[in-house]
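Novice:
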Amino acid sequence: MTLTTQFMTMAAMIASGFFFGAMLDTYQRFLNRPKRKSWIAFINDILFWAVQALLIFYVLYLVNKGEIRFYIFIALLCGFAAYQALFKKIYLWMLEKVIRAGRWLGRIFAKTVRLLIFKPVTGLIQLAIIIVLFMAKGVLALLAFAGKSVLFIVQIILFTPLKKIFLIVWKVLPKGIKKTAEKLYNSGTGLLMRIRTSLKRLLNRKKE
Numbered sequence: 001m002t003l004t005t006q007f008m009t010m011a012a013m014i015a016s017g018f019f020f021g022a023m024l025d026t027y028q029r030f031l032n033r034p035k036r037k038s039w040i041a042f043i044n045d046i047l048f049w050a051v052q053a054l055l056i057f058y059v060l061y062l063v064n065k066g067e068i069r070f071y072i073f074i075a076l077l078c079g080f081a082a083y084q085a086l087f088k089k090i091y092l093w094m095l096e097k098v099i100r101a102g103r104w105l106g107r108i109f110a111k112t113v114r115l116l117i118f119k120p121v122t123g124l125i126q127l128a129i130i131i132v133l134f135m136a137k138g139v140l141a142l143l144a145f146a147g148k149s150v151l152f153i154v155q156i157i158l159f160t161p162l163k164k165i166f167l168i169v170w171k172v173l174p175k176g177i178k179k180t181a182e183k184l185y186n187s188g189t190g191l192l193m194r195i196r197t198s199l200k201r202l203l204n205r206k207k208e
């Protein structure tokens, strides 16, 4: 390994240690460990360390084809220590500002979507429902009017003549037949009334 390669390796590992420190603080900030279950935090820790190890080895591979030397670990430690001593407070302050800005932009975006998309769509749906209900009421009113008109016409054309014919026939019938018909009518009416009364009693008993 040439001196140039060694120098580049040292610089890359110092930068990787610095980057690792920043990523560790970022990870701890977003993990919110006290509110996480222990097994979830454990899995996240394993994934974080595995990803960081792969990234560092990838950088090392790009610089010196993946040759591992003792000074590489010293360079990583130096980069991490430099971050902790010089830049940690500044980075955490900037991270909080970025998070707050992201939340603010998220709220603005949500309000914009609500005002420009959700509310107009909701208004159109409500308008469509009102129009459909209005049309349905109109159709029902027309059907009711048509039904009444048909019944009125049928009553004039059919029932009125039949009623007159029945009255004429009733007047012509002998008194014996009239009495028999009246008895049958009264008996049928009484039977229907008794059935109705019995049904009401049964329903009242069930309710009690």
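Quick note: the sequence shown uses the working numbering, first residue 1, plus one each step. The C-beta atom is built at its ideal place from N, Cα and C for all residues, glycine as well. Small disclaimer: the values here were computed from a predicted structure and weren't measured.
(1) Pull up the distance between the alpha-carbon of G123 and that of K35, whole angstroms please.
(2) Need the endpoints of the alpha helix (DSSP H) that P120 sits in, please.
(3) If N64 and T112 are in contact, beta carbons under 8 Å, what's the gap, nearest whole angstrom?
(4) Quick one: Cα of A110 to Cα of Y91, how far?
(5) In whole angstroms, give me the CA-to-CA distance for A146 and M135.
(6) What number of angstroms, rounded off, separates the C-alpha of A15 from the C-alpha of I117?
(7) When DSSP labels each residue in this structure, what does E67 get in the three-state scheme?
(8) Just checking my contact of L31 with N44 at CB under 8 Å: how many whole Å lie between their CB atoms?
(9) With the cut-off set at 8 Å, would you say L133 and T26 are in Cβ contact?
(10) Report back the beta-carbon spacing between T20 and F80 to the nearest angstrom; my notes put them in contact at under 8 Å.
(11) Would you kindly check if the distance between the Cβ of A85 and the Cβ of G17 is under 8 Å?
(12) Mapping DSSP to helix, strand and coil, what is T5?
(13) Would you check if the distance between the CB atom of R33 and the CB atom of A22 is smaller than 8 Å?
Specialist: Quick look at the numbers:
(1) In the sequence shown, the residue the question calls residue 123 occupies position 123. In the sequence shown, the residue the question calls residue 35 occupies position 35. Cα-Cα distance, rounded: 40 Å.
(2) Counting from one through the sequence shown, the residue named residue 120 turns up at place 120. 119 to 154 is the extent of the alpha helix (DSSP H) around P120.
(3) Numbered from 1 along the sequence shown, position 64 holds the residue referred to as residue 64. Numbered from 1 along the sequence shown, position 112 holds the residue referred to as residue 112. The Cβ separation is near 50 Å, so there is no contact.
(4) Here the question's residue 110 lines up with position 110 in the sequence shown. Here the question's residue 91 lines up with position 91 in the sequence shown. When rounded, the distance between both Cα atoms is 28 Å.
(5) Start at 1 with the first residue of the sequence shown, and residue 146 comes out as number 146. Start at 1 with the first residue of the sequence shown, and residue 135 comes out as number 135. Cα to Cα, A146 sits roughly 16 Å from M135.
(6) Working through the sequence shown from its first residue, we reach residue 15 at position 15. Working through the sequence shown from its first residue, we reach residue 117 at position 117. Cα to Cα, A15 sits roughly 46 Å from I117.
(7) Start at 1 with the first residue of the sequence shown, and residue 67 comes out as number 67. Three-state result, E67: coil.
(8) In the sequence shown, residue 31 corresponds to position 31, counting from 1. In the sequence shown, residue 44 corresponds to position 44, counting from 1. Right, their Cβ atoms sit about 6 Å apart.
(9) Numbered from its first residue, the sequence shown carries residue 133 at position 133. Numbered from its first residue, the sequence shown carries residue 26 at position 26. Not in contact: L133 and T26 (Cβ atoms no closer than 8 Å).
(10) What you label residue 20 is simply residue 20 of the sequence shown in a count that begins at 1. What you label residue 80 is simply residue 80 of the sequence shown in a count that begins at 1. In the sequence as displayed, the identity of residue 20 is Phe instead of Thr. Yes, they are in contact, since the Cβ atoms of F20 and F80 sit about 6 Å apart, within 8 Å.
(11) Position 17 of the sequence shown holds residue 17. Position 85 of the sequence shown holds residue 85. Not a contact, by the Cβ cut-off of 8 Å.
(12) Numbered from its first residue, the sequence shown carries residue 5 at position 5. DSSP places T5 in helix when its eight states are reduced to three.
(13) Here residue 33 corresponds to residue number 33 of the sequence shown, with the count starting at 1. Here residue 22 corresponds to residue number 22 of the sequence shown, with the count starting at 1. No, these two residues do not count as a Cβ contact at 8 Å.
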